[in-house]
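Sequential numbering of the sequence shown, starting at 60, is according to my numbering.
Note that CB positions come from ideal geometry on N, CA and C, so glycine has one too.
No experiment lies behind these values; they were computed from the predicted model shown.
One structure below.
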Amino acid sequence: MIIVYSPEGGEIHRWDLKEIRIMAVEAEAVERVTDLDWAAARAKIVKGSMLALRAVAWVLLKRDQPKLRYGDFQPAAAELDFQYSPAERAAIRANIEADPDLTEDEREAILADLGLADAALETEEAAAIEAPDAEDSEAVPKDSAAEASRSDG
60 MIIVYSPEGG EIHRWDLKEI RIMAVEAEAV ERVTDLDWAA ARAKIVKGSM LALRAVAWVL
120 LKRDQPKLRY GDFQPAAAEL DFQYSPAERA AIRANIEADP DLTEDEREAI LADLGLADAA
180 LETEEAAAIE APDAEDSEAV PKDSAAEASR SDG
């Protein structure tokens with residue numbers, strides 16, 4: 060899963076959760092501000108939870124902005140999103156192709172839609188590679204997420 064934060068007029072941030080290490084202290088900060096356990100927060104992002112998505116984006120932004128408080132991170136809903144990684148998209152495609160409950164017409168329509176989405180994401184990913192952000196996905200995050208509490212928001 061890739062978390063995308065696209066602030067209007069600002070630098071786009073993309074974090075692939077498969078490639079970066081979410082530290083326990085960061086997961087705990089997400090749990091504190093959402094009242095969800097880490098696994099539930101991740102699952103809720105896929106189901107459309109803005110609360111979970113905002114909390115995860117916040118802890119990731121804290122890596123570069125250690126003093127950023129949860130209550131101060133108030134992006135527009137359209138500025139936050141998630142995308143499936145290429146490997147996840149390939150698994151979704153394989154599941155659709157193998158689904159015995161789909162008719163051939165349904166399968167073709169879904170795969171066509173997925174193909175359009177794949178093309179748009181590939182264009183976006185290529186643009187991100189050409190103009191990478193300053194994030195170092197291997198950097199060890201600051202420990203400031205440990206200070207997060209409900210009083211932050």
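- In its chain, beyond the 5 residues on either side, Val89, Val92 and Thr93 have a beta carbon closer than 6 Å to the beta carbon of Ala114.
- The beta-bridge partner set that DSSP reports for Arg73 consists of Val63.
- Taken through DSSP and simplified to helix, strand or coil, Asp172 comes out as helix.
- Look at Leu139 here: in three-state DSSP terms it is strand.
- Only buried fits Ala116, as 16 or more other CB atoms lie within 10 angstroms of its CB.
- The beta carbons of Lys121 and Leu127 sit about 5 Å from each other, so the pair counts as a contact at 8 Å.
- Contact between Val118 and Glu85 holds, with the beta-carbon distance rounding to 4 Å and staying under 8 Å.
- Annotation for Ile81: no alpha helix (DSSP H) segment contains it, and DSSP assigns it neither H nor E.
- The alpha-carbon of Ser65 is positioned some 16 Å away from that of Asp123.
- Beyond the five residues adjoining it in sequence on each side, Ile155 comes within less than 8 Å, by CB distance, of Leu161, Arg166, Ile169, Leu170 and Leu173 in the same chain, given in chain order.
- Under the criterion of beta carbons closer than 8 Å, Met60 and Ser144 qualify as touching, at roughly 7 Å.
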